[in-house]
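Reading through the structure tokens given below for one structure.
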Amino acid sequence: MVCEKTKKMKTKKISIPQNSLVYNYLPSDYSDSFECNFISSKDIRPDDVQIAFWTTKPIWIDWLLHLRTILVKPFGIKSDINDYADNLRECLINGISYKYIPAISKSNDETVTCNVDKHLTFYLSIIVRKGEENKKSVIATTLVNFHNLLGRCYFFVIYPFHNILVRVMLKYLVKKIR
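Each step along the sequence shown adds one to the number in our numbering, with nothing skipped, and position 28 is 637.
Right, here's the structure in full:
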């Protein structure tokens, strides 16, 4: 399933890559992994995709996230990363924390970030694999560990949106960075 300019871009759900850094953070209460294959002559790094994930999104997703921020603020759930992309870029590249998003594991083809909250901890792994003839693959993996009932309730509410948003964001980011 190669995402070329002339074909509709698709994402597919896959198993978490066993040779990935994020695999070391299992077991988790929830996990998923999505992949998009595409062709690009650009040198795309996992840091680039992570930065784009946190700072670039379609306007309708921005509205949903803003609404979520308003709704969860009374419960002390951290959110709203809409800040300066340059600061985030520098921190991810250097493997240090930015706001509440530390890069906790890095390799040449993977960057794992982690958000620890009193209600839950979630990990986002971005893997960029390079193949022959400019073929590339971006894999986004999410792990979630619940700390209490509020974390479970929060995830129960956002879960239906999570699968849609991850697929949409992955396609959107690949289009932007390729």
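Where is the CB? At the ideal position from N, CA and C, for every residue including glycine.
Report the option in the options whose CA atom is closest to the CA atom of residue i.
i           : options               : result
residue 772 : 633, 627, 639 and 740 : 639
residue 735 : 623, 621, 631 and 624 : 631
residue 696 : 711, 625 and 682      : 711
residue 718 : 725, 738, 768 and 731 : 738
residue 643 : 786, 778, 785 and 787 : 778
residue 637 : 763, 751, 759 and 780 : 751
residue 654 : 760, 767 and 702      : 702
residue 766 : 787, 622 and 673      : 673
residue 628 : 716, 669 and 657      : 716
residue 641 : 774, 781 and 652      : 774
residue 780 : 764, 749 and 762      : 749
residue 656 : 625, 683 and 698      : 698
Classify residue i as buried or exposed, calling it buried when 16 or more other Cβ atoms lie within 10 Å of its own Cβ.
i           : result
residue 741 : exposed
residue 659 : buried
residue 770 : exposed
residue 732 : buried
residue 662 : buried
residue 615 : Because the pLDDT of residue 615 is 37, which lies under 50, any placement of that residue in the model is unreliable, and the question is left without a value.
residue 667 : exposed
residue 622 : exposed
residue 745 : buried
residue 634 : buried
residue 768 : exposed
From the beta carbon of residue i, is the nearest beta carbon of chain D less than 8 Å away?
i           : result
residue 724 : Of the protein chains in this structure there is only one, and it is not chain D.
Tell me residue i's beta-bridge partners as DSSP assigns them.
i           : result
residue 754 : 730
residue 645 : 747
residue 639 : 753
residue 621 : 644
residue 738 : 746
residue 715 : 720
Tell me which residues share the same chain as residue i and place their Cβ nearer than 8 Å to its Cβ, disregarding the 5 neighbours each side in the sequence.
i           : result
residue 613 : Note that residue 613 has pLDDT 46, beneath the 50 cutoff, so the model's placement of it is unreliable and the number below is only indicative. Once the five neighbours on either side are set aside, the close Cβ partners of residue 613 are 647 and 648.
residue 783 : 612, 618, 645, 647 and 747
residue 713 : 721, 722, 723 and 732
residue 743 : 648, 649 and 650
residue 785 : 661 and 665
Between which residues of its own chain and residue i is the CB-CB distance below 7 Å, once the five residues before and five after are set aside?
i           : result
residue 776 : 620 and 643
residue 757 : 728
residue 792 : In this structure the chain extends from 610 to 787, so residue 792 is not present and cannot be described.
Tell me which residues share the same chain as residue i and place their Cβ nearer than 6 Å to its Cβ, disregarding the 5 neighbours each side in the sequence.
i           : result
residue 730 : 754
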